[in-house]
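Reading through the structure tokens given below for one structure.
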Amino acid sequence: MKILVTNDDGILSDGLWALAKELKSIAQVVVVAPDREQSAIGTAVTLSHPLRIQKVKPMVPETEAYSVQGTPADSVILALEKLVKNEIDLVISGINQGLNLGNDVLISGTVGAALQGYLRGFPAIAISVSPMDSPYLSDVAKVAALLAERIHSAALPANTFLNVNLPDLPLSEIKGVNVTRLAGESHIDTVEEGHDGKRQYYWLVRQKMDRSSDDMTDIKAIEQGYISITPLHAYLGNKPSLPATDGLYSGLLQRLQKNQG
Ligand code: MN
9 MKILVTNDDG ILSDGLWALA KELKSIAQVV VVAPDREQSA IGTAVTLSHP LRIQKVKPMV
69 PETEAYSVQG TPADSVILAL EKLVKNEIDL VISGINQGLN LGNDVLISGT VGAALQGYLR
129 GFPAIAISVS PMDSPYLSDV AKVAALLAER IHSAALPANT FLNVNLPDLP LSEIKGVNVT
189 RLAGESHIDT VEEGHDGKRQ YYWLVRQKMD RSSDDMTDIK AIEQGYISIT PLHAYLGNKP
249 SLPATDGLYS GLLQRLQKNQ G
């Protein structure tokens with residue numbers, strides 16, 4: 009098995025190398041990650057300037073590593089198009105130090121990187137843990153390795169795209185594994201305002217997850233001490249329109265053409 013490992017916390021992240029170290033025991037590991045931290049950059053790709061790749065000394069022996077002057081998604085695209093090409097079985101993005109739950113998956117660079125693997129036909133996992141300085145990175149990496157082995161041995165289809173989050177607990181205290189759905193809420197929805205002596209400033213703030221949601225959500229699973237596994241897909245716009253919105257569009261073109269005339 010050959011695994012592409014990437015992240016959005018950058019090539020120097022402890023989470024990235026904890027993951028690479030564990031995966032090395034079950035697979036050939038190639039690390040391709042941004043040269044700096046780019047959390048919350050989402051699915052961004054770079055089109056405005058050329059990208060550069062640098063082969064770097066891996067922090068785990070017997071792995072191969074490259075840093076990319078670009079986004080997490082850029083890293084995966086370059087890896088799959090130029091570095092490892094199609095000779096890969098799985099893409100794993102993480103271990104992100106910070107949870108990626110609910111609507112926040114849409115801004116997550118960790119998920120954004122995994123998405124590129126999935127869109128290009130490879131099984132993909134995004135894996136995250138709380139808090140920023142988690143003492144349990146090696147435990148989280150073991151979860152990733154186990155999932156990787158199972159995905160590989162079961163030959164799960166290429167449209168396997170999992171968002172995995174672990175609570176801030178040692179493995180012995182984790183209550184179980186819940187297959188969840190995304191909570192319909194974000195925890196980055198607060199703005200703090202202040203004055204630095206010269207100018208007004210604003211911080212977009214991560215709020216504590218203290219709102220209630222139903223038991224099947226990823227946020228609830230983490231709050232209750234479970235590992236959350238959310239199967240994701242990218243079918244944002246493939247649902248037919250809702251009857252309630254049909255009135256928005258009827259006669260739209262005729263109205264525009266009439267105004268023009
Ligand atoms: Mn991050």
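Going by the numbering used here, the first residue of the sequence shown is number 9, and it counts up by one from there. Note that beta-carbon positions come from the ideal geometry of N, C-alpha and C, so glycine has one too. Note that the structure is a prediction, hence the values are computed from the model and not measured.
Taking 8 Å as the cut-off, decide whether the C-beta atoms of residue i and residue j are in contact.
i, j, result
"A73", "V84", "no"
"L240", "N171", "yes"
"N253", "A121", "Reading the sequence as shown, one finds Thr at residue 253 and not Asn. Not in contact: T253 and A121 (Cβ atoms no closer than 8 Å)."
"I19", "A41", "yes"
"Y126", "N167", "yes"
"I135", "I159", "no"
"Q105", "S142", "yes"
"L177", "D22", "no"
Assuming residue i and residue j form a contact by the criterion Cβ under 8 Å, report the distance between their Cβ atoms to the nearest whole angstrom.
i, j, result
"A152", "L31", "7 Å"
"D16", "G110", "D16 to G110, Cβ: 17 Å. No contact."
"R263", "T225", "Not a contact, Cβ separation roughly 41 Å."
"L107", "S138", "5 Å"
"V38", "A87", "7 Å"
"L6", "D223", "No answer is possible for residue 6: it lies beyond the span of the chain, which begins at 9 and ends at 269."
"T79", "V119", "Not confirmed; about 13 Å, so no contact."
"Y257", "P175", "No, Y257 and P175 are not in contact; Cβ-Cβ is about 44 Å, not under 8 Å."
My output table needs one value for residue i: the three-state DSSP class, helix, strand or coil.
i, result
"N15", "coil"
"E95", "coil"
"Y144", "coil"
"L20", "coil"
"P165", "coil"
"A41", "strand"
"T253", "helix"
Just to check, is the beta-carbon of residue i closer than 7 Å to a non-hydrogen atom of the ligand MN?
i, result
"T14", "no"
"N104", "yes"
"G245", "no"
"T118", "yes"
"S47", "yes"
"D17", "yes"
Under the DSSP definition of a beta bridge, which residues are partnered with residue i?
i, result
"W211", "E200"
"S101", "T14, A134"
"K63", "Y74"
"S236", "N173, N186"
"Q36", "K10"
Quick check: is any heavy atom of the ligand PLP less than 7 Å from the C-beta of residue i?
i, result
"D22", "Ligands present in the displayed structure are limited to the ligand MN, and the ligand PLP is not among them."
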